[in-house]
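Undergrad:
Number of protein chains: 2
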Amino acid sequence: MSLSEQDKKFMRCAIDLAKKGQGRTHPNPMVGCVVVEKNKILGRGYHVYTDWLHAEVIAIRDAMRRVKTSRKSQQLKNCTLYVTLEPCSSYGRTCPCTDAIVFSGIKRVVVSAMDPHPGHRGQGLKILKSHGIHVTKDILAKESMILNKAYMKALSEKRPYIILKSAVSLDGKIATRSGDSAWITSLASRKLVHKLRAQVDGVLVGANTVLKDNPLLTARLSGSTLQPVRIVLDGQGRVLRKSKNLKLFQSILNKKNQTERPYDILVLTQPGVRTESVVKAWGKKRVKIESIPILKNKKLSLKDVLKKLVDLGIYQILVEGGGETNASFLSSGNVDECWFFIAPKLIGGRSAPTAFEGRGINRIKQAYQLKNVTYRKIGPDILIQGQLS
Amino acid sequence: MSLSEQDKKFMRCAIDLAKKGQGRTHPNPMVGCVVVEKNKILGRGYHVYTDWLHAEVIAIRDAMRRVKTSRKSQQLKNCTLYVTLEPCSSYGRTCPCTDAIVFSGIKRVVVSAMDPHPGHRGQGLKILKSHGIHVTKDILAKESMILNKAYMKALSEKRPYIILKSAVSLDGKIATRSGDSAWITSLASRKLVHKLRAQVDGVLVGANTVLKDNPLLTARLSGSTLQPVRIVLDGQGRVLRKSKNLKLFQSILNKKNQTERPYDILVLTQPGVRTESVVKAWGKKRVKIESIPILKNKKLSLKDVLKKLVDLGIYQILVEGGGETNASFLSSGNVDECWFFIAPKLIGGRSAPTAFEGRGINRIKQAYQLKNVTYRKIGPDILIQGQLS
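Quick note, the sequences are listed as chains A and P, same order. Each residue of the first sequence is one higher than the one before, counting from 1 in our numbering. Each residue of the second sequence is one higher than the one before, counting from 1001 in our numbering.
#1: Give me whichever residues DSSP pairs with Asp1381 (chain P) in a beta bridge.
#2: Determine which residues share a DSSP beta bridge with Val1203 (chain P) and list them.
#3: Helix, strand or coil, according to DSSP, for Tyr49 (chain A) in the structure here?
#4: Per DSSP, Gly1043 (chain P) forms a beta bridge with which residues?
#5: In the DSSP assignment, the alpha helix (DSSP H) including Leu302 (chain A) goes from what residue to what residue?
#6: Tell me whether Arg197 (chain A) is buried or exposed, calling it buried when 16 or more other Cβ atoms sit within 10 Å of its Cβ.
#7: Would you check if the distance between the CB atom of Arg1108 (chain P) and the CB atom of Asp1115 (chain P) is smaller than 8 Å?
#8: Can you give me the Cβ contacts of Glu1324 (chain P) inside the same chain, cut-off strictly under 8 Å, excluding the 5 residues immediately before and after it?
#9: At 9 Å on the CB atoms, spell out the chain A contacts of Ser1181 (chain P), in chain order.
#10: Are the beta-carbon atoms of Lys1165 (chain P) and Val1193 (chain P) separated by less than 8 Å?
#11: Using 8 Å as the threshold, is the C-beta distance between Pro160 (chain A) and Ile361 (chain A) below it?
#12: Please compile the residues from chain A whose C-beta is within a distance smaller than 7 Å of the C-beta of Leu1346 (chain P).
#13: Quick check: Ile1294 (chain P) and Leu1300 (chain P), are their CB atoms within less than 8 Å of each other?
#14: Grab me the residues of Glu337 (chain A)'s own chain with a C-beta within less than 6 Å of its C-beta, minus the 5 sequence neighbours each way, in chain order.
#15: Just reading off the alpha helix (DSSP H) that Tyr1161 (chain P) is part of, what are its end residues?
#16: Counting only Cβ pairs nearer than 7 Å, list the residues of chain P close to Ala18 (chain A).
#17: Report yes if the CB atom of Asn214 (chain A) is closer than 8 Å to the CB atom of Pro29 (chain A), and no otherwise.
#18: With a 10 Å radius around its C-beta and 16 neighbouring C-beta atoms as the bar for buried, classify Thr374 (chain A) as buried or exposed.
#19: Just checking, does the segment 1167-1178 of chain P make contact with the segment 1335-1353 of chain P on the three C-beta pairs under 8 Å criterion?
#20: Which residues in chain P sit within 8 Å of Arg177 (chain A), going by Cβ to Cβ distance?
#21: Count the other CB atoms within 10 Å of the CB of Asp396 (chain A); is the residue buried (16 or more) or exposed (fewer)?
#22: Spatial neighbours of His1047 (chain P) within its chain, please: CB distance less than 7 Å, with the 5 preceding and 5 following residues excluded, ordered by chain position.
#23: Ignore the nearest five residues each way along the sequence and tell me which others in Val946 (chain P)'s own chain have a CB closer than 6 Å to its CB.
#24: With DSSP run on the structure shown, which of helix, strand or coil describes Tyr151 (chain A)?
#25: Would you verify that the beta carbon of Arg390 (chain A) is, or is not, closer than 8 Å to some beta carbon of chain P?
#26: I'd like the span of the beta strand (DSSP E) that includes Trp339 (chain A), first residue to last.
#27: CB Leu140 (chain A) to CB Arg12 (chain A), shorter than 8 Å?
#28: Can you grab the Cα-Cα spacing for the pair Val36 (chain A) / Leu76 (chain A), in whole Å?
#29: According to the Cβ coordinates, are Tyr315 (chain A) and Ala154 (chain A) closer than 8 Å?
#30: According to the neighbour-count rule (16 or more other Cβ atoms, all chains shown, within 10 Å of its Cβ), is His1134 (chain P) buried or exposed?
#31: Indicate whether the contact test is met: 3 or more Cβ pairs, each with one atom in the segment 1001-1018 of chain P and one in the segment 1213-1233 of chain P, closer than 8 Å.
#32: Taking 8 Å as the threshold (C-beta atoms), are Val229 (chain A) and Leu434 (chain A) in contact?
#33: Under the rule that 16 or more other beta-carbon atoms within 10 Å means buried, what is Arg65 (chain A), buried or exposed?
#34: Given a cut-off of 8 Å, decide if Thr1084 (chain P) and Ser1104 (chain P) are closer than it, judged by their beta-carbon atoms.
#35: Please confirm if Arg350 (chain A) has its CB atom under 8 Å from at least one CB of chain P.
#36: For Ala1063 (chain P), collect the residues of the same chain with a Cβ closer than 7 Å to its Cβ; drop the 5 residues on either side in sequence, then sort them by chain order.
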């Protein structure tokens, strides 16, 4: 087996390890690591947020236990370290991984994806090289980046990875002319949406949807569930003024609807909207309100909304409309994936709302084309998924 | 093998024979027939319109050639006749099939579906029984009825079998806000639509669609193609007034766009609309204009439109919108099948038209539910089909 084939083989082990942290690394990325000596894996590690330690440190400690030597430093001088993401080089909740690697005596480090975090990008590899460590990068980089697509997107583009979901009738309506939308799609489809909600950091809707549909926006699954932050774009403060009458707010009194974050609901509104009474009513620990500049069209600046989310460590969101909110994400190029649940029923009505309203395009040639389209049956419905960027 | 199993076996042969007439029996139904003696098929027949003869007569003649006897009548006295549709009992372009059966001496007749034609319904079997012939009916009746679903529908309900087709974006739009719709779906999808057009008797659209899109509505396939009659609902005579500028009319000068019927275009308009100059310009043989009463909403009475089509021998139509025309068919319960070609692109726009406009339903519970839904990939698009009635 050539060196590059060997590198791929061990990197694949590291990627498989990284996946074990799925759903447990937030807001950090998933990372896996193996330490290899003479073609044999000596140590394994992967990251979960609550354990603090980074994958590299866990793998190095694991390997050290297996090496029979009295020395603490330079124990692993015959080893190669494989890690799915560039090792960190700064102090955060932990010491820099680069320090641990240098201390262990490891002579070669193979890296898959580079870390887009501004505090790390390239720094880690530079430090390793300065200590005479041989560095190989970009081994199975694509796989590692897909693993942390939300994290990669968020840090490199200053916006979360954005999934837009809509539940429509076969004729493209998201509600009847009177606004009735419960339920267009089947129980099976709705269950899948709850699963999806549990996998993202936040679920985002516009103020109209909150006021019209009075939704919970929680992930309702059997057993314990990771709840997403419920994010409301409320430029005019209409939702804030009515918070006491809304299920969204009432629901946070129930412990199972609370997130593991310092807040459950995040309301983004324009500067000057009075927020004190709302925060007081629900408590700082449950409702967070942030000010975002508004544009000429009196809507919140979406660019600033998205930057704020990244700053708050929200790296992946599910946008659930309505039609105007969806359209503003689409027309500004801020949709990565589309999930359309299509129910085999017809609603009709020239005034019934659709999944994308706004102004829309003028010529068919300007249509937003989905890529890597897949489709499958979910109960009686059909789910069409595709990527936009 | 029991008698009923034997009956099914031979009826299936008759159904397979009937299918050989597909596309060639119009306006008559497809019919297949076998004559059986001692478990052996003696004669076979199926109907094609241009040959005049009905399946029963062809099968009886075929059987008679194989029976060695000098007598002409009562030759088939040991035989059973299997036919997919109740034999006719009246003089049309041919003598009644019941006469031929009685003359042949056949002692048992097995029938699949009953003929809904008011001149035949039940009459055929009654006559056979009065001649002492043993009659069994309803063998594989469902299969035979599906074979001629358009004919069955048209004669039993006084309206054609109605397939509604729409080409939409993933977000349910049939055009952009400016009316651009060329092309939402792929070449592969459009080819399938042309195939479908060649299989129906007529393609129906509203006046708005003709004036906005200026369509041909022909079946454009390589090789020679059966053309459907192009039907326009033109209550106000707007299309008639502009006929000289419309591709629909211009296209009939080209021979390959002409139907095998006495006219290519059928315009339905209200009484009092001036039609003489249009007929004169295009010729009686190419354009037919019929008067239909209008309702209080100033629209043509759809019930009368559909009755007129059946009277003209148009038993199966493809409705191709736009949204208001589609909605009037849907809300009046006049859609049998829906074909939705969904392209994986997004158009957006609160004023962009959808496949079903009109007033629409009020509550989700009132939605029109599709049955027997199937879906498949057509090029990059997805075709969802289902039945409504």
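All C-beta atoms, glycine included, are put in the ideal place defined by N, C-alpha and C.
TA: Straight from the coordinates:
#1: Working through the second sequence from its first residue, we reach residue 1381 (chain P) at position 381. P:Ile1378, per the DSSP bridge assignment.
#2: Along the second sequence, one-based indexing puts residue 1203 (chain P) at 203. Per DSSP, P:Arg1230 and P:Leu1318.
#3: Translated into positions along the first sequence, residue 49 (chain A) becomes position 49. In this structure, Tyr49 (chain A) counts as helix in the three-state DSSP scheme.
#4: For the purposes of this step, residue 1043 (chain P) is taken as the residue at position 43 of the second sequence. Answer is P:Val1035.
#5: Residue mapping note: residue 302 (chain A) aligns to position 302 of the first sequence, counting from 1. Unbroken alpha helix (DSSP H) run through Leu302 (chain A): Leu302 to Asp311.
#6: In the first sequence, counting from the first residue as 1, residue 197 (chain A) sits at position 197. Classification for Arg197 (chain A): buried.
#7: For the purposes of this step, residue 1108 (chain P) is taken as residue 108 along the second sequence, with counting starting at 1. For the purposes of this step, residue 1115 (chain P) is taken as residue 115 along the second sequence, with counting starting at 1. Cβ distance not < 8 Å, so Arg1108 (chain P) and Asp1115 (chain P) don't count as in contact.
#8: What you label residue 1324 (chain P) is simply residue 324 of the second sequence in a count that begins at 1. Here the set comprises Gly1206, Asn1208, Glu1357 and Gly1358.
#9: Taking the second sequence and counting its residues from 1, the one referred to as residue 1181 (chain P) is at position 181. Chain A residues near Ser1181 (chain P): Ile364.
#10: By 1-based counting over the second sequence, the position of residue 1165 (chain P) is 165. By 1-based counting over the second sequence, the position of residue 1193 (chain P) is 193. Result yes, Cβ atoms of Lys1165 (chain P) and Val1193 (chain P) sit closer than 8 Å.
#11: The residue given as residue 160 (chain A) occupies position 160 in the first sequence. The residue given as residue 361 (chain A) occupies position 361 in the first sequence. Cβ distance not < 8 Å, so Pro160 (chain A) and Ile361 (chain A) don't count as in contact.
#12: To locate residue 1346 (chain P), count along the second sequence from 1; it is residue 346. Ordered by position in chain A, the residues that pass the 7 Å Cβ test against Leu1346 (chain P) are Leu330, Phe356, Ala367 and Tyr368.
#13: Counted from its first residue, the second sequence places residue 1294 (chain P) at position 294. Counted from its first residue, the second sequence places residue 1300 (chain P) at position 300. A contact, by the Cβ cut-off of 8 Å.
#14: As a position in the first sequence, residue 337 (chain A) is number 337, starting the count at 1. So the list reads Ile163 and Gln387, once near-sequence residues are dropped.
#15: Counting from 1 along the second sequence, the entry for residue 1161 (chain P) is found at position 161. Where Tyr1161 (chain P) is concerned, there is no enclosing alpha helix (DSSP H), although the beta strand (DSSP E) it sits in stretches over Tyr1161 to Ser1169.
#16: Looking up residue 18 (chain A) in the first sequence gives position 18. The contacting residues do not exist; Ala18 (chain A) stays about 31 Å from chain P at best.
#17: Taking the first residue of the first sequence as position 1, residue 214 (chain A) is located at position 214. Taking the first residue of the first sequence as position 1, residue 29 (chain A) is located at position 29. Their beta carbons are not under 8 Å apart, which means Asn214 (chain A) does not touch Pro29 (chain A) by this criterion.
#18: Position 374 of the first sequence holds residue 374 (chain A). So Thr374 (chain A) ends up on the exposed side.
#19: yes
#20: Counting from 1 along the first sequence, the entry for residue 177 (chain A) is found at position 177. Here the neighbours are Arg1359, Gly1360, Ile1361 and Asn1362.
#21: What the structure shows of chain A is the stretch from 1 to 389, and residue 396 (chain A) is not part of that stretch, so it cannot be assessed.
#22: Along the second sequence, read from residue 1 onward, the residue named residue 1047 (chain P) stands at position 47. Counting only Cβ-Cβ distances below 7 Å, and skipping sequence neighbours, we find Gly1021, Thr1025, Asn1028, Met1030, Val1031, His1054 and Ala1055.
#23: What the structure shows of chain P is the stretch from 1001 to 1389, and residue 946 (chain P) is not part of that stretch, so it cannot be assessed.
#24: Locating residue 151 (chain A) in the first sequence gives position 151, counting from the first residue. Three-state result, Tyr151 (chain A): helix.
#25: With chain A represented from 1 up to 389, any question about residue 390 (chain A) goes unanswered, as that position is not in the structure.
#26: Stepping through the first sequence from its first residue, residue 339 (chain A) is reached at position 339. Where Trp339 (chain A) is concerned, the enclosing beta strand (DSSP E) stretches over Glu337 to Ala343.
#27: In the first sequence, the residue the question calls residue 140 (chain A) occupies position 140. In the first sequence, the residue the question calls residue 12 (chain A) occupies position 12. Result yes, Cβ atoms of Leu140 (chain A) and Arg12 (chain A) sit closer than 8 Å.
#28: To locate residue 36 (chain A), count along the first sequence from 1; it is residue 36. To locate residue 76 (chain A), count along the first sequence from 1; it is residue 76. Answer to the nearest angstrom: the Cα atoms are 9 Å apart.
#29: In the first sequence, the residue the question calls residue 315 (chain A) occupies position 315. In the first sequence, the residue the question calls residue 154 (chain A) occupies position 154. Going by beta carbons, Tyr315 (chain A) and Ala154 (chain A) fall inside the 8 Å limit.
#30: If you number the second sequence from 1, residue 1134 (chain P) lands on position 134. An exposed status is given to His1134 (chain P), since fewer than 16 other beta-carbon atoms sit within 10 Å of its beta-carbon.
#31: no
#32: Examination of residue 434 (chain A) is not possible in this model, given that chain A is present from 1 through 389 alone.
#33: Within the first sequence, the letter at position 65 stands for residue 65 (chain A). Exposed.
#34: For this step, residue 1104 (chain P) is matched to residue 104 along the second sequence. For this step, residue 1084 (chain P) is matched to residue 84 along the second sequence. For the 8 Å CB-CB criterion, Ser1104 (chain P) and Thr1084 (chain P) do not form a contact.
#35: Taking the first sequence and counting its residues from 1, the one referred to as residue 350 (chain A) is at position 350. True, the Cβ-Cβ gap to chain P drops below 8 Å.
#36: On the second sequence, position 63 is the one that residue 1063 (chain P) refers to. Cβ within range, chain order: Val1035, Leu1042, Gly1043, Leu1076 and Cys1079.
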